[in-house]
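When you line the sequence shown up against our numbering, it's residues 1 to 509, in that order. Ideal Cβ positions, reconstructed from N, Cα and C, are used throughout, including at glycine. Please read these numbers as outputs of a predicted model, since none were measured by experiment. Some notes on the structure that comes next.
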Amino acid sequence: MEQKFAIIDIGSNTMRLVIYRHEKIGSFKEIENIKTVARLRNFLDENHCLNEEGMNLLIDTLKNYEEITNYHQVETVKAVATAAIRQAKNQQEILERIRANTNLQVKVLSEYEEAYYGFLAVVNSTSITEGITIDIGGGSTELTYFKDRKLIEYHSFPFGVLSLRQQFVKGDVPTQEELKQLSTFLLDQISQLEWLKDKKVPFIGIGGSARNIAQVDQRLKNYPLGGLHQYKMNSDDLRIVKNHLTKLTIDELKKVEGLSTDRADIIIPAVEVFQIFYQFINATSFILCRKGLRDGVFFEQLLKPYEMTMFPNVIEESLFELEYEYKINIDNAFQVSRLAVNILHSLEKIGVVSLTDAHFNETRRGAYLFHLGRYIDDEASSQHTFYLLANRTIDGIMHIDRLRLAAIASFKSKALLKQYIEPFEDWFSKKELHELRLLGAVLRFSYALNATKRNVVNSIQIIEEENNLTMNIICTHNWQAELYEAEKQKRHLEKALKRKIILQFIAMK
């Protein structure tokens, strides 16, 4: 029987059930994600107790989730609750009712735990080493500051989008005066946190409100790249989204592309929160993290057997999963990577190119993903490779870097590269496009040097003679197939370097 693990997240605005299946490589793959817009925060009465209607809604939803986990034969179910239950004066009664009606054991997270799991989700799914996270829920807002991937500060405000709406908005959408009052309130609250002011670091949004704002921004821009995770915005982007939304009625908001209907009445207060915090922090950018509290809980569970709480290298972990999913030949990928780096170092040594550490890292990663689209169709492997990498989230790699990787790993010719990059032409300078072409051509040539997958080539030495480059390719075995493929593919490298290349295959002594 497949091993499965589930998390139930009882939030103040939404409740969610996520089921994961254990994979052979040791990771878990998400197979079900079920959301219920319960808005439990709205069922807290004047005494701050969850009323009977809210109690019944909570129990009915949990019963439904339990049915689903039973159907999927889930071995372990971890249920956590946040602000609505934490703030409820009748918390013990709520937990007793859950125990009496289900087999679930619900853990009510402390303010620290809720903030910590958000931080854990960010550092395990991005390569950001220093930043401030914000998770606006229905009844609370959690902030953390981390540096060198270590949690330094945290704070939980006892307000969220639902409570802010209840407190400041009388109608369907806030008036300008109500937004002013909300802004004054928020500034008064956050001014108490000295560690937050003028930090000049990335501002990382977690949760549904942040996700919806990013989606609206992408629709307004006709954003050509796939994926939301690690999507970057700036202060102008937030202002434009806010201006766009505040001009609309509630009925118009419900029709906005990228905005969930159930968030139409709370999205404007949410944007106001993000904008005020962004300005106070003097953030360098606003970055969406699609992973959140439940993912933090999941990462803790996943990594517990290894006695750690975070991946040593998020990108390497992501590439490892891609290798498994697309059945990449690791031995061949390592050889292609080694040869490509050898060629680039040799070219740099004789002064033909000038490269950074980032270029070498891109080349190594590109070697592992080179033409992975052959998993779908060998004949159209280049097109499939570019589409897959450009439109698939890779944890730890920002959108622009993912696009660069897609261009390098899919390289087949200058013409095809130009075709792929056309929708993104204003993203790159001519120099950057030339770099992509060079790295792609080196990878394609290196791949040809291991045509038989026997690791025939031991090393490469490059000598510059007049305007020609002579490549001395030292081999351990018969190189006939490699010679044929290398002669075919060297033209791409010749054009990128604007030099004729002479290949000399030499037996290793």
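Does DSSP put His-384 in a helix, in a strand, or in coil?
Residue state, collapsed to three classes: helix.
Going by DSSP, name the residue or residues bridged to Ser-156.
Answer is Glu-142, bridged to Ser-156.
Report all residues from its chain with a CB closer than 6 angstroms to the CB of Val-169; omit the five preceding and five following residues, and keep chain order.
If we look at Val-169 and ignore the five residues flanking it on each side, its Cβ neighbours are Glu-178.
If contact is defined by three or more beta carbon pairs under 8 angstroms, each pair taking one atom from either stretch, is the segment 289-298 in contact with the segment 117-126?
Contact between the segment 117-126 and the segment 289-298 is present, because at least three Cβ pairs lie under 8 angstroms.
If you count every other CB in all the chains shown that lies within 10 Å of the CB of Ala-463, and 16 or more means buried, which is it?
According to the sequence shown, residue 463 is Ile rather than Ala. Ile-463 comes out exposed.
In chain order, what residues of the same chain lie with their CB nearer than 7 angstroms to the CB of Gly-137, ignoring the 5 residues before and after it?
Same-chain partners within the cutoff: Gly-11, Ser-12, Asn-13, Thr-82, Ala-83, Gly-160, Gly-207.
Assuming Leu-245 and Val-273 form a contact by the criterion Cβ under 8 angstroms, report the distance between their Cβ atoms to the nearest whole angstrom.
The Cβ separation is near 13 angstroms, so there is no contact.
What's the call for Lys-180, buried or exposed, on a 16-neighbour Cβ count within 10 Å?
Lys-180 is exposed by the Cβ-count criterion.
Excluding sequence positions up to five away, which residues of its chain have a Cβ less than 6 angstroms from the Cβ of Lys-511?
The structure shown does not extend to residue 511, since the chain is modelled only from 1 through 509, so no value can be given for it.
Please report how far the alpha carbon of Ile-31 lies from the alpha carbon of Val-108, in whole angstroms.
Each residue's alpha carbon lies about 25 angstroms from the other.
Considering only residues of the same chain and omitting the five flanking positions on each side of Lys-35, which have a CB-CB separation below 6 angstroms?
Counting only Cβ-Cβ distances below 6 angstroms, and skipping sequence neighbours, we find Thr-14, Arg-16.
Ile-474: which of Asn-313, Asn-342, Leu-372, Arg-41 sits nearest, CA to CA?
Minimum Cα distance to Ile-474 is reached at Asn-342.
Expressed to the nearest angstrom, what Euclidean distance is found between the alpha-carbon atoms of Leu-319 and Thr-249?
Rounded to the nearest angstrom, the two C-alpha atoms are 45 angstroms apart.
Determine, using beta-carbon pairs with one atom in the segment 143-162 and one in the segment 321-337, whether at least three such pairs fall under 8 angstroms.
No, the segment 143-162 does not touch the segment 321-337.
Cβ of Leu-344 within 8 angstroms of Cβ of Phe-360?
For Leu-344 and Phe-360, yes; Cβs fall inside 8 angstroms.
Does the distance between the C-beta of Glu-75 and the nearest non-hydrogen atom of the ligand HEM fall short of 7 angstroms?
Absence of the ligand HEM is noted for the structure shown, with no ligands found whatsoever.
What ranges does the alpha helix (DSSP H) occupy inside the segment 373-424, keeping only unbroken runs of at least 4 residues that lie completely in it?
Correct list: 381-391, 399-409, 414-421.
Taking the alpha helix (DSSP H) that Ala-100 belongs to, which residues open and close that run?
Element bounds for Ala-100: 91-101.
In angstroms, rounded to a whole number, what distance separates the CA positions of Thr-144 and Tyr-116?
Taking the straight line joining both Cα atoms gives about 8 angstroms.
Taking the alpha helix (DSSP H) that Phe-185 belongs to, which residues open and close that run?
Taken as a continuous stretch (DSSP letters only), the alpha helix (DSSP H) holding Phe-185 covers 176-190.
Going by DSSP in three states, Ala-38 sits in which element: helix, strand or coil?
It is coil, neither helix nor strand.
In the structure shown, what three-state DSSP assignment does Gly-296 receive?
Three-state result, Gly-296: helix.
Who does His-22 pair with in a DSSP beta bridge?
DSSP lists Phe-28 as partners of His-22.
Give every residue of the same chain whose Cβ lies closer than 8 angstroms to the Cβ of Tyr-484, excluding the five residues on either side of it in the sequence, and list them in chain order.
For Tyr-484, where only same-chain residues beyond five positions count, the Cβ hits under 8 angstroms are Ala-451.
Apart from the five residues just before and just after Pro-202, which ones in its own chain have a Cβ nearer than 7 angstroms to its Cβ?
Excluding residues within five positions, the ones whose Cβ falls inside 7 angstroms are Ile-128, Gly-131, Ala-283, Thr-284, Ser-285, Ile-287.
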